[in-house]
Amino acid sequence: MSVYKPLTGAQATAEAMRQINPDVVAAYPITPQTPIVEFFAEFVANGLVDTEMIPVESEHSALSCVVGAAAAGARAMCATSSQGLALMWEIVAATPGLRLPIVMPVVNRALSTPINIHCDHSDTMGTLTIGWVQIYSENAQEAYENVFLALKIAEHPDVLLPVMVMQDGFITGHGVENVKVLDDAVVKEFVGQRNPDRYLLDLEHPYTIGPLALPDFYYEVKRQQEEAIERAKEVYLRAGEELAKITGNTYPYFEEYKSDDAEAVIVILNSAAGTAKDAIDELRAEGRKVGLIKPKLFRPFPYKEYREVLKDKKVIGVLDRSISFGSYAPVYAEIRNALFELDHRPAMQSYIYGLGGRDIFKSEIKNVFEELLSGNVDSEKQKYIGLRG
Amino acid sequence: MATYQDIVSKPTPLAPGHRMCAGCGIPAIVNSIIAASDKPVIVANATGCLEVTSTIYPFSAWNVPWVHLTFENAAAVAAGIETAYKALKKRGKIKDDVNIIAFGGDGGTYDIGIQALSGALERGHRFLYVVYDNEGYMNTGNQRSGATPFGADTTTVPAGTKSIGKTQWRKNIVEISAAHRIPYAAQAAAHNVVDIYNKAKKALSADGPSFLAVLQPCTTNWKYDTALTMKYSKLAVETNFWPLYEIENGKVHINYKPKERKPIEEFLKGQGRYRHLFKPENRYAIEEFQSLVDEEWERLLKLEESGAKL
Amino acid sequence: MADKTGWKDLMRGGDLPPATSREYKTGSWRSLRPVLDLSNCIHCMICVAYCPDMCIPVVRSEEGVVGRNGRIYKGLVRLETDFDYCKGCGICAEECPTDCIKMVREEVVETSSK
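Protein sequences appear in the order of chains S, W and H.
Numbering of the first sequence is given in the numbering used here, commencing with residue 13 and proceeding in unit increments.
Numbering of the second sequence is given in the numbering used here, commencing with residue 11 and proceeding in unit increments.
Numbering of the third sequence is given in the numbering used here, commencing with residue 24 and proceeding in unit increments.
Right, dumping it as structure tokens:
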């Protein structure tokens with residue numbers, strides 16, 4: 013029996029981890045991910061899980077321990093945010109090549125400098141190119157369910173890659189919502205056991221894991237890795253179908269909100285999509301044809317599927333909560349890429365918003381739609397929402 | 011007492027065909043340590059000479075389960091393996107007992123890896139960390155590390171008309187490790203494989219983390235003939251430059267006291283990295299070297315005599 | 024493992040089976056060869072323990088082999104060096120307590136064996 017519980021996004025994530033009851037968790041407390049570590053540590057202290065938890069001395073060691081544990085054969089999890097993700101970057105980059113199924117919730121927070129503890133997406137957008145599957149979550153409910161989805165994808169034999177599950181720092185992470193929590197036994201059945209085919213503790217088969225590969229072999233190993241993340245696209249949908257059976261929700265590549273007949277569509281990640289939905293409801297009440305696309309699976313990026321739903325739109329606005337300095341913003345760049353094959357492309361506008369936790373208001377999103385519908389757009393010029401001039 | 015027969019009677023964890031330099035001391039160290047384990051061994055290896063030369067794809071020289079992740083985190087990776095072992099054992103998924111050993115060079119241990127090492131020692135994971143100490147970044151061609159001794163010529167602090175090379179003494183990594191109140195920390199040298207074997211036995215039976223620093227003379231970057239690796243290891247001990255000692259539950263015990271310690275010059279001469287010290291204008295540095303060695307030795311003797319816990 | 028292995032056929036994640044280095048013969052590095060006089064060997068195992076290339080095979084011999092001073096050495100005894108892997112470093116010769124190993128230039132060995 014599912015029950016509703018008032019939980020923060022961090023608490024919901026810890027709850028998912030409790031229900032998975034992984035063999036090993038190693039994590040370092042970093043704002044705003046800290047409550048995940050604290051809640052989970054409490055579960056350990058009170059025997060609600062029998063996970064071995066490693067209270068590491070740094071983020072670098074957090075993921076290093078998790079990689080060691082996963083290579084040894086354990087189901088191992090980590091969690092991080094912002095500066096922590098940046099400190100562990102070396103290991104973040106090294107992990108996918110080893111093809112270890114690791115799930116790591118990430119609570120999005122701005123990157124220094126200036127130091128700032130609040131939400132934007134500059135932390136995980138900085139890791140797009142290195143081979144982790146990335147799933148973004150609008151709210152605590154999605155953050156909770158996406159952990160199970162991530163585990164299924166990570167451990168699927170066609171994939172065997174690490175997966176990050178994102179939620180917005182403070183907004184989702186510390187905000188309390190009514191979260192529908194699955195029955196423990198149902199989760200246990202869904203996640204099953206990890207059954208690695210090669211692992212260090214298999215003493216009969218002493219494999220060498222992580223050797224040096226020079227110009228004659230490195231390229232081939234990396235090509236395999238690319239194949240695996242491409243396969244994650246299909247596995248994401250199949251795992252989502254399985255998960256849907258126990259949650260009643262659906263897991264498409266992106267959520268389409270009133271976008272079917274919309275002339276103007278905005279694309280926006282995570283919690284701000286909630287604000288956008290309110291703005292859309294109000295504009296729709298006025299008869300304006302506006303809608304939303306909210307990306308969920310961001311790596312691998314489903315270009316073709318975006319192209320299908322966006323090809324007939326009049327105008328598209330993409331709102332990014334991070335800057336890709338000196339180039340198009342990360343989400344905008346992907347949407348723009350997705351439309352390349354079209355003969356007649358929609359008009360497009362890139363917007364930056366919400367850096368370092370700056371709020372974005374419904375009125376601002378409504379203004380975006382007004383601007384898009386007015387035709388005052390320039391696909392090569394980045395605009396800034398809520399920035400003092 | 012262990013013998014050479016004990017060490018060589020088991021199949022070696024390392025297979026031939028690896029690409030360590032001719033005359034390298036690392037295999038003797040690795041083989042004698044793993045020979046001391048009465049349980050299967052899992053190895054976590056930091057980036058460095060051993061890792062690079064033993065696993066050039068598609069040729070692995072390892073007969074035991076082995077993993078390498080990056081440079082500075084062998085202790086963290088080993089901690090993860092140890093924790094996985096505890097978890098899987100507790101859940102009945104595995105049966106056998108194992109020993110977990112991390113190997114790193116001095117760069118990966120004294121310098122860039124010291125945080126991960128300190129964290130793993132403090133948390134009390136049951137594993138053995140071994141540093142094969144060749145006193146610099148030798149895999150990449152003799153750059154200075156925190157283990158490089160006084161007066162050595164390295165490519166990052168070269169000897170020159172205004173420089174004698176490194177002007178600092180090295181870190182005391184054994185005492186740094188022991189300061190984490192681990193049950194066993196020790197210092198050994200490549201030539202004394204029986205001592206290495208005995209120390210590894212003690213380390214692997216310790217109820218907690220253990221640490222072993224083994225001197226590994228480097229023919230390539232200390233610049234001496236390939237046949238002389240064990241000779242320089244011996245001289246390092248006979249001159250008290252590299253005393254053989256152990257710190258068991260905080261108590262210092264010196265395993266070998268030369269009847270008459272040899273002058274440090276005997277260790278320095280013939281090594282290309284110290285050639286410049288023999289110029290008349292640099293002789294003072296050899297005297298300084300000698301007094302640093304003697305001071306350290308006196309300090310170690312006092313630590314042992316006092317019987318106090320570190 | 025063939026050098027031409029395509030990406031689809033490599034083991035996942037760059038993993039390798041154990042001890043594949045045996046296929047890589049490092050004996051070609053050698054310019055000096057350890058020439059062993061077994062009649063002077065005491066089978067002390069020092070050379071075996073020190074050898075950086077694990078290329079001195081040992082066997083357990085119940086009947087024993089003849090060594091220094093015509094004595095029969097039983098138990099673990101060393102055999103001829105495996106020249107597929109010996110890099111010719113000379114540690115065995117340097118450390119041998121009975122001086123029963125001599126380092127000889129490869130071309131000299133080759134000439135004299137003709």
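Even for Gly, the Cβ is constructed at its ideal location relative to N, Cα and C.
Environment of residue i [buried if 16+ CB atoms lie within 10 Å]
i	result
residue 71(S)	buried
residue 205(S)	exposed
residue 170(W)	exposed
residue 95(H)	exposed
residue 282(S)	buried
residue 226(S)	exposed
residue 15(S)	exposed
residue 25(H)	Note that residue 25(H) scores 47 on pLDDT, short of 50, meaning its location in the model is unreliable; the coordinates nonetheless yield the value given after this. Looking at its Cβ environment, which holds fewer than 16 other Cβ atoms inside 10 Å, residue 25(H) is exposed.
residue 45(S)	buried
residue 351(W)	In the structure displayed, chain W extends from 11 to 320; residue 351(W) sits before or after that span and is not available.
residue 288(W)	exposed
residue 158(W)	buried
residue 172(W)	exposed
residue 416(S)	There is no way to answer for residue 416(S), as the model of chain S reaches only from 13 to 401.
Under 8 Å by beta carbon: chain H residues contacting residue i
i	result
residue 72(W)	41, 42
residue 232(S)	28, 29, 30, 33
residue 225(S)	37
residue 228(W)	None at all; the shortest Cβ gap to chain H is about 12 Å.
residue 172(S)	35, 36
Option in the options with minimal Cα separation from residue i
i	options	result
residue 218(W)	242(W), 136(W), 179(W)	136(W)
residue 167(S)	195(S), 181(S), 209(S), 219(S)	209(S)
residue 239(W)	147(W), 81(W), 210(W), 37(W)	37(W)
residue 332(S)	187(S), 229(S), 67(S), 136(S)	136(S)
residue 38(S)	129(W), 191(W), 246(W)	129(W)
residue 2(H)	98(H), 92(H), 76(H)	This structure cannot speak to residue 2(H), because chain H is shown only from 24 to 137.
residue 261(W)	86(W), 310(W), 93(W), 156(W)	310(W)
residue 131(W)	204(W), 85(W), 156(W)	85(W)
residue 248(W)	123(W), 231(W), 304(W)	304(W)
residue 117(S)	220(S), 138(S), 146(S)	146(S)
residue 27(W)	77(H), 28(H), 117(H)	77(H)
residue 355(S)	383(S), 364(S), 323(S)	323(S)
Cutoff 8 Å: residue i Cβ touching any chain W Cβ
i	result
residue 76(H)	yes
residue 219(S)	yes
residue 355(S)	no
residue 85(S)	yes
residue 271(S)	no
residue 46(H)	yes
residue 59(H)	no
residue 117(H)	yes
residue 49(H)	yes
Closer than 7 Å at the beta carbon, the chain W residues around residue i
i	result
residue 79(S)	79, 87, 90
residue 222(S)	77, 78, 79
Neighbouring residues, chain W, relative to residue i (Cβ below 9 Å)
i	result
residue 95(H)	None at all; the shortest Cβ gap to chain W is about 16 Å.
residue 102(H)	Under the 9 Å cutoff, chain W gives no residues; its nearest Cβ is about 12 Å from residue 102(H).
Contacts of residue i in chain S (Cβ-Cβ under 9 Å)
i	result
residue 255(W)	Within 9 Å Cβ-Cβ: nothing; residue 255(W) doesn't reach chain S, min ~28 Å.
residue 93(W)	35, 36, 38, 64, 65, 66, 77, 80, 81, 84, 86, 88
Closer than 8 Å to chain A by CB, residue i
i	result
residue 109(S)	Of the chains in the structure shown, none is chain A; the protein chains are S, W and H.
8 Å Cβ cutoff, residue i in contact with chain H
i	result
residue 236(S)	yes
residue 243(S)	no
residue 42(W)	yes
residue 390(W)	Because residue 390(W) is not part of the residues shown, which for chain W are 11 to 320, the question remains open.
Contact set between residue i and chain W, taken where Cβ atoms lie within less than 8 Å
i	result
residue 69(H)	14
Neighbour list for residue i in chain S, Cβ cutoff strictly below 8 Å
i	result
residue 98(W)	35, 84, 85, 86, 213
is_contact[residue i, chain S] using C-beta, thresh 8 Å
i	result
residue 186(W)	no
residue 65(W)	yes
residue 140(W)	no
residue 106(W)	yes
Under 9 Å from the C-beta of residue i: neighbouring residues of chain H
i	result
residue 168(W)	Chain H residues near residue 168(W): none, gap ~27 Å exceeds 9 Å.
residue 210(S)	34, 35, 36, 38
Contacts that residue i makes with chain H (C-beta to C-beta distance below 7 Å)
i	result
residue 11(W)	Near residue 11(W) there are no residues of chain H at all, since even the closest Cβ is about 14 Å away, more than 7 Å.
Using 8 Å as the Cβ pair cut-off and three pairs as the minimum, do the region 137-147 of chain W and the region 214-233 of chain W touch? yes
Is there contact between the region 86-106 of chain S and the region 58-78 of chain W, where contact requires at least three CB pairs shorter than 8 Å? no
Segment contact, 8 Å Cβ cut-off, at least three pairs: the region 333-344 of chain S with the region 93-111 of chain S: no
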